[in-house]
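Our numbering puts the first residue of the sequence shown at 21, with every later residue one more than the last.
Cβ atoms here follow ideal geometry from the backbone N, Cα and C, with glycine treated the same way.
Let me begin by presenting the structure, written as structure tokens, before commenting on it.
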Amino acid sequence: MLQIVAAVGIVGYLSFRNGERAVEELAQELIAQTGKRVEEQLTTVLENTHWVNQLNAEAIDRAELNLQLETRQPRAEKFLWQQMRSFKSIQWISLGSQKSGEYLGIWRNPKDNSLQIIAANKSTNYQSIYYATDKKGTRTAKLNAEPGTYDVRVRPWYKEAVAANKPIWTSIYQGFTPGTVFIAASQPIRDRNGKLLGVCAVDLSLSELQQYLHRLKFSKTGQIFAIERSGLLVASSSQESSFRKMSGKQEPERLNVLDSETFVIRTAAKYLYEKFGGFSNIQQRQQLKFSRDGAEYFVEVLPFSDSNGLNWLIAIAVPASDFMGQINQNTRSTILLCAAALLLSTIVGALNARWVTLPLLRLNQAAKDIAQGEFDRTVAVSKLDEVGSLAQSFNEMA
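Listed below in structure tokens is the structure:
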């Protein structure tokens with residue numbers, strides 16, 4: 021019986037361990053593939069933004085575009101409109117003039133994907149006016165106007181490019197529309213004598229990036245997030261805002277990932293921060309497994325940077341329970357089968373033992389009866405093995 025129990029236990033344990041190992045390998049492979057997809061998507065989108073800026077800078081140098089934006093520029097409007105048609109991931113293309121702060125841009129409306137022209141110049145009294153466009157990129161009806169006046173020279177994407185005097189990524193900033201968050205690729209434009217003419221920029225909506233991450237349903241409760249090396253949140257699959265209104269402060273502030281309201285993100289971020297002594301110390305792709313409050317997690321973190329100053333971390337975090345559901349179910353099934361096998365073997369063993377020992381018990385009782393003087397006592401012979409032969413000999417003696 022002990023051997024049966026041991027065999028059943030070993031089979032159950034080995035089944036669980038093999039299943040656990042297979043699930044862990046599957047989880048790591050799935051997380052690695054997800055990280056690769058995010059990395060490839062970001063690379064494509066981010067490279068396009070600076071490429072568009074360079075195209076516009078070269079067009080200005082060839083006089084195909086100009087930054088004399090005081091009045092309407094139909095040629096420039098169609099040029100930018102065509103670029104927006106070609107690059108679907110871009111939210112805004114902007115031109116800003118140093119002369120008086122004039123602005124010309126094309127905006128992709130996320131609600132219906134339509135392209136709109138925005139102008140703020142002398143002819144609009146420096147108010148941002150939105151115009152619809154037709155199928156050829158020509159402005160048509162006036163749609164709406166932003167309140168107040170607009171001076172492009174005070175906008176973050178403009179000021180930071182002028183200060184750096186080279187193509188850059190701006191700080192993440194909030195748009196005029198509530199809930200919109202952007203990062204811009206900006207490039208200063210100078211004439212051949214070095215005089216500042218203005219800035220061209222391409223804006224990426226981080227809300228669009230969050231939606232992309234959210235659509236990557238790679239596990240039940242897993243999360244993807246991108247952060248700056250300072251720990252400030254860039255975007256996440258939970259679609260949590262990267263800005264938060266702080267009590268006692270008028271303007272919203274950037275959210276640190278360590279203060280995220282999403283449990284899996286906050287837990288993984290704290291682990292990475294503690295393990296490496298800060299996010300700045302993570303220099304290469306890492307796949308890790310850790311435990312926190314009795315739960316296990318898989319996490320992959322990878323640096324993401326480019327030549328224009330971008331320096332982010334991308335992390336994918338998944339509770340092990342997302343992958344262990346099936347193995348736990350298989351383990352329960354294995355335990356039930358092992359228990360059933362153990363019960364069946366116990367019953368069969370007991371019946372076999374009774375079948376073997378019953379003739380011996382009868383023979384023993386007959387011997388006791390003869391010892392008491394019952395010399396005519398015989399034993400029924402029901403087996404042809406050694407026990408049966410012994411019973412036959414006993415009967416002949418009686």
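- DSSP places Ser117 in the strand class (E or B) of the three-state scheme.
- Of the other Cβ atoms in all chains shown, 16 or more fall within 10 Å of the Cβ of Ile209; this residue is therefore buried.
- Here the alpha carbons of Asn145 and Gln259 stand approximately 37 Å from one another.
- When DSSP states are grouped into helix, strand and coil, Lys156 belongs to the coil group.
- Setting aside the 5 residues that flank it on each side, Asp154 is surrounded in the same chain by Thr160, each with a C-beta closer than 8 Å to its C-beta; the list follows chain order.
- Nearest C-alpha to Leu135 among Ala360, Leu229, Leu100, Ser250: Leu100.
- Taking the CA atoms as reference points, Ile113 sits about 15 Å from Val201.
- Ser257 has its alpha-carbon roughly 20 Å from the corresponding atom of Leu330.
- In this structure, the straight-line span from the alpha carbon of Ile149 to that of Lys162 is close to 7 Å.
- Scanning its chain for C-beta atoms nearer than 6 Å, with the 5 sequence neighbours on each side dropped, one finds around Ile336 the residues Ile51, Thr54, Gly55, Ile244, Glu320, in chain order.
- Membership of Phe238 in any beta strand (DSSP E) is not indicated, and neither H nor E is assigned to it by DSSP.
- A distance below 8 Å between beta-carbons, with the five flanking residues on each side excluded, links Leu224 to the following residues of its chain, in chain order: Val65, Leu66, Thr69, Ser109, Ile110, Gln111, Phe202, Ile203, Ala204, Ala205.
- If you look at Tyr317, you'll find it in the beta strand (DSSP E) that goes 315 to 325.
- DSSP places Leu100 outside any beta strand (DSSP E); the residue lies instead in the alpha helix (DSSP H), whose first and last residues are 94 to 106.
- Pairing Glu44 with Phe238 gives a Cβ-Cβ distance that is not under 9 Å.
- Excluding the 5 residues flanking it on each side, Phe263 has same chain C-beta neighbours closer than 8 Å at Gln194, Val201, Pro272, Glu273, Arg274, Leu275, in chain order.
- Annotation: the continuous beta strand (DSSP E) that includes Lys309 extends over 306 to 312.
- Of all alpha-carbon atoms in Gly125, Leu363, Lys142, Val172, the one lying nearest the alpha-carbon of Ala152 is that of Gly125.
- Asn141 sits buried, since 16 or more C-beta atoms from the chains shown fall within 10 Å of its C-beta.
- Three or more Cβ pairs closer than 8 Å define a contact, and the segment 212 to 224 meets that threshold against the segment 177 to 184.
- A buried status is given to Ile138, since no fewer than 16 other beta-carbon atoms sit within 10 Å of its beta-carbon.
- Counting other Cβ atoms within 10 Å of its Cβ, Trp71 stays below 16 and is therefore classed as exposed.
- By a beta-carbon distance limit of 8 Å, Leu89 contacts Leu115. Their separation comes to about 7 Å.
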